[in-house]
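Protein chains in written order, with my numbering: chain L, 5 to 368; chain B, 5 to 368; chain H, 5 to 368; chain U, 5 to 368.
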């Protein structure tokens, strides 16, 4: 089931960018959780198009409807079906895409794989698919929040603009992150990022960057070696997002330049429990959470859609040129922040349930 | 099933470092494949301890035995059970580990998760577990090879020593890679790496680095959006390996610093089929292979085991010190090369079968 | 994912009887299949309430809407989301069920499991859930039909009325089955069954019975030992239907009274291929189809909802009485016929794809 | 993974009848369980060949070896690998089977599916495969026993000899069941069954029958609608066993002849909790355990191997005759009793863990 994710708290997303709707079915949700459409909506609003002047102006309210699984304001343990209707469809704007493969998009590969495709706005490969992920993630994060877990994703790099490392020692607040439309919690860098995004958009170009995510309040013990290590499932979750090209946890690629004596996290007893003095491990050791802050980063490439003319081929293989006309995000990162949080919440809740099943059900 | 990997060509590994044996069961292997123990053994020999003077001297022949699934030299489509006995066990050497948590190892997290653990040599968290992966990968890669697919992993970075980018334009041969015990195909860099590894070992320290993997001969169409994208499953596979901290595909983290106009891969028709002019996508677009060379990189942290004294706590939480005495790899990368190849082969064959099932079985 | 079924052609159903809607997401459908809503609708019409005077008069059009996965009349290989709105909701009619557990229904067990439940019409435990199965099954059976496979379920027993064994030698036609509202292809028995159902309904009572299903045109080779045997997956599929209490294939329970010499199916070569002379195996040997007609039977208990007063307890455990008032089926079998066919089609198509993946992709 | 079973407590079996060994890997076992090889062995001894004069005389000690997952006498939560060597191999006895398809065996279907097969003793299709199931089941049942659950399977029918219904009101003891080699707890019937089995064996023939299984001590709440209903997973488990042709729960096929008013199980409060007055449901309502005794029955066909000459075809399709010479069970039921118990334990423990994960981890 390539459109499903999670073993115990599982989601199945469906929908094309310009079809009637997109949605998600959540299976395995613990019962009894109070849940309103508004709680889901507020997360969707953070990824909605048109929310600021540095994202796509596509006009979608992304209004979520709960079709099942919730009764009298509480989850029932049965599948929760959520639907968002697509309203601002301009299929005419995509006629070119019917005939030509957009460079670094999925047009050609979908055609090669399936032999057919919905060319309108990328069809299934559109980031619109992530609506279902964010909606489901809203539920997962609410459960985690009740268990004391906080998740926070934010932009640390756009193009070559990077938050100074020293500026990120504290766990940023939601207010600090959302203070800027670019969702970078460092005001000076954020301002520069907004300018950069506007500048590349004006030039018909695009930029990428890096999102960092931190989670605190996790108990030790989450993650299932040897294949379902916590970082492996987090990595898969992130690399399943459109436009991602890399994932690293803790010290990541930079850590490869340290010696073991510099990299190892010494243990100490602090606050009555085993803690590490440093956190180059990023909260995970041997694939299992160690109770420290989870820290990872995701690389997003520059948006493939640009307004400049590009060399490509048509569906018959003939050389041609193509320049996007439609609405698009010159930088996907601001809207990807809630998506990264959603996927993190899904992975963590799923692993919490798995851990509970194997290791907390029976005592011998 | 946290110890299983793959949907159609699936493996289940088992075994602890100092238990009686380690092994793997392969389910879903296509029938009729000629297969000898020697073909599996030759891959195991590339990851075997004691193969050179820059790896651990633990004496293990890692002799594989086929217990099922092969009859008269051919696979039968039934589960293939492979076992390797552990022979060089020195449990005495690990008494310290029973009482003390080794920094940046999985001792503490296994204890926190399961409440019990086999402390000897890391038990299940030992890289010895990867024997099963390499054995299974040998079968997967043989099948892929018959379909024209070649996989090649090699070391591109050890500590701060990096192969010059210009030196890696060609797909390296196995001979070029294995010419040096460090498995770096650039002779000058390889020589420096070997010296570096010897130096840190002499200092009781360790180093990490980066392995790059390239695959050619893949058809377009492999990978299953939206969650089982090819890069997502490759990323999960790599991040499920011990000591990994990062994964990137194609342009990766560096690509985040380019503009869309610089990053996009233009299409052209070449050799009668649709090709990209550049390959910043790394062989994957929209989660599906595009027929170009697959290129990805994996970050390995410095080996956690070092001979220097380190600060830690014991199982009761009391502060203590610990210095490893046992045999260990000062740098895991040389032996990780065949493991990366094995995991790649497992992912690619599994996706090949999945692609065949959905998109090649029926024609309408 | 307890609400998902199938490995490669997978469905996920959702929805409660008196919630806003019920539906299904189909993942893994082969692309390129011509598909109209009408083709799905015609199957739904066979299970729709109100279709005859021996089934529940609940007024539901069960109008299906395709929300994704189909573009310009063809499947795309992406998830197909189908929704049916619930329209004839009379929640008031179920107030009693809020306080009292209906005997032999799922009220008590859902409460015991989840701690909450939608009491209206059984909520998730309602047979209304099977709408999604029938809708998905319509697609599966269309694909199978194009491959030459025909499925036919029909009623062979209602209460103690049974079709004479000799009357079922031929594969019945759809017209023969649907000639009577009870969907029994033997006219005399069918007439008696209709009378019996009307009589028990008049008495406020209910009856059960047996549905037989036959499939012809299957190739040998479908089914995956050792756990995913064809009969095991068919059995699970049938026993996952509401009100089922038994499943048997081929000679079934009666076959246990034969000796091996009487029961074995001799082989012969007929029509150029290996055939069995008899078919006590029911089309499956060792868990794999042998190319003969698949024959199995499913036992359905009498409808739990009866209009007579019954002894029960309320949600606080106090003794009470309860008599159903709502609309219900005095016998579920007529409407279960298309459901049995749908589940069969789902199992068979899924196994066809699995067989293709492992055994038809590579040739050595 | 067709050779795996279970979602959280999962097993993967492997091995051919005349290969080097058979075995199982158990993944997801709760840690900390005291476990000795002897506990597993005692279950294996109940299914071992040669244990009485009404079963096959094949000489196999079926000595189990634990290769991983257990340390210092306790499970660790890591995969448990169990191996049993095949010792009494007489491949020569099976030369005929290389050339001829045995009627009602899996020879032809394995060949049709995989294109190759191990003809010796049925290879993978041999009931020898169930060793792994019984070994894994021994662990599952030990955990269940500690939670107060008892499982008991026993033979109720051999050929046309049936235990009188009135004789089975009590939950039989293990001693009562194993008092006779046929494992029927009703002494008079058991004696007749033994005579019947000896008689058919003397005639070179075989017989089948029915095994009933009862489980008590289960909490309400196990089972996961809509597809993973408890009876659906039990049914699949049983129908995945060699030689099974049917499954029924509670009232089963006979219940189809009752009216709703006769069949429904009234509720009452008894012993401080909600109970049913009767148990036609067989312990399951709506796919979820209701806390009553679980009762189900499994139909086994007469052993396909008979010593009489039978009509068949050879691998080229030419008509021929075949008479078995090897050792075989004239009736599989006595040895199938522990296998039915093992599969029941696997299903129930798996569902217990699933129930715990979704419905016992979080409280809102």
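In this text, a Cβ means the ideal position worked out from N, Cα and C, and glycines have one as well.
Note that the structure is a prediction, hence the values are computed from the model and not measured.
- A direct Cα-Cα distance of roughly 11 Å separates residue 168/B from residue 191/B.
- Looking at 82/B, 264/B, 227/B, the one whose alpha-carbon comes closest to that of residue 332/L is 264/B.
- Where residue 278/B is concerned, the enclosing beta strand (DSSP E) starts and stops at 277 to 280.
- At least 8 Å separates the beta-carbon of residue 130/B from that of residue 114/B.
- Against chain H, the beta carbon of residue 321/U has neighbours under 7 Å at 273, 278, listed in chain order.
- Contact between the segment 346 to 364 of chain H and the segment 125 to 144 of chain H is present, with at least three C-beta pairs closer than 8 Å.
- Only residues of its own chain outside the window of five on either side were considered, and among them 248, 251, 300, 302, 344, 347 have a CB closer than 8 Å to the CB of residue 242/B, listed in chain order.
- Annotated as distal: residue 218/L and residue 257/L, with beta-carbon spacing of 8 Å or more.
- Taking CB atoms only, residue 18/H has a neighbour in chain L less than 8 Å away.
- Neighbours of residue 37/L in chain U, taken as residues at a C-beta separation under 7 Å, are given in chain order as 368.
- Within the segment 287 to 334 of chain B, complete beta strand (DSSP E) segments of at least 3 residues are found at 298 to 304, 314 to 317, 323 to 326, given in chain order.
- The beta-carbon of residue 41/U is placed no less than 8 Å from the nearest beta-carbon of chain L.
- Note that the C-beta distance between residue 105/H and residue 112/H is below 8 Å.
- The alpha-carbon separation between residue 20/U and residue 127/U amounts to approximately 5 Å.
- Taking 8 Å as the CB threshold, residue 203/H stays off the interface with chain U.
- For the segment 141 to 167 of chain U, residues whose beta-carbon sits nearer than 8 Å to a beta-carbon of chain L comprise 147, 150, 151.
- Taken atom to atom, the span from the alpha-carbon of residue 37/B to that of residue 230/L is near 28 Å.
- Excluding sequence positions up to five before and after residue 295/U, its CB lies within less than 6 Å of the CB of 224, all in the same chain and listed in chain order.
- With fewer than 16 other Cβ atoms from the protein chains shown falling within 10 Å of its own Cβ, residue 61/H counts as exposed.
- Listed by position along chain U, the residues whose Cβ is nearer than 9 Å to that of residue 295/L form an empty set, because the closest Cβ is around 18 Å away.
- A distance below 7 Å between beta-carbons, with the five flanking residues on each side excluded, links residue 278/B to the following residues of its chain, in chain order: 271.
- In terms of beta-carbon proximity, residue 223/B stays away from the interface with chain U, with every pair separated by 8 Å or more.
- Distance from the CA atom of residue 103/B to the CA atom of residue 211/B, rounded to whole angstroms, is 26 Å.
- By the C-beta density criterion, residue 57/H is exposed, having fewer than 16 other C-beta atoms within 10 angstroms.
- By the 16-neighbour rule on beta-carbons within 10 angstroms, residue 291/L is buried.
- For residue 98/U, the secondary structure class from DSSP, reduced to helix, strand or coil, is helix.
- For the segment 182 to 220 of chain U, the continuous alpha helix (DSSP H) assignments of 4+ residues that do not extend past its boundaries occur at 191 to 206, in sequence order.
- Nearest neighbour of residue 328/B by Cα position, chosen from 187/B, 220/B, 96/B, turns out to be 96/B.
- A check of alpha carbon separations from residue 72/H across 31/H, 91/H, 51/H, 110/H identifies 31/H as the nearest.
- Under the three-state reduction of DSSP, residue 155/H is assigned to strand.
- At a cut-off of 8 Å between C-beta atoms, residue 214/L counts as an interface residue with respect to chain B.
- Contact annotation for residue 131/U against chain H: no contact, minimum CB-CB distance about 10 Å [criterion: below 7 Å].
- Here residue 63/L is exposed: its Cβ has fewer than 16 other Cβ atoms, across all protein chains shown, within 10 Å.
- Here the alpha carbon of residue 187/B sits roughly 12 Å from the alpha carbon of residue 196/B.
- Close to residue 233/U, with beta-carbon spacing below 8 Å, are these residues of chain H in chain order: 243, 244.
- Taking all protein chains in view, the Cβ of residue 228/U is crowded by 16 or more other Cβ atoms within 10 Å, so the residue is classified as buried.
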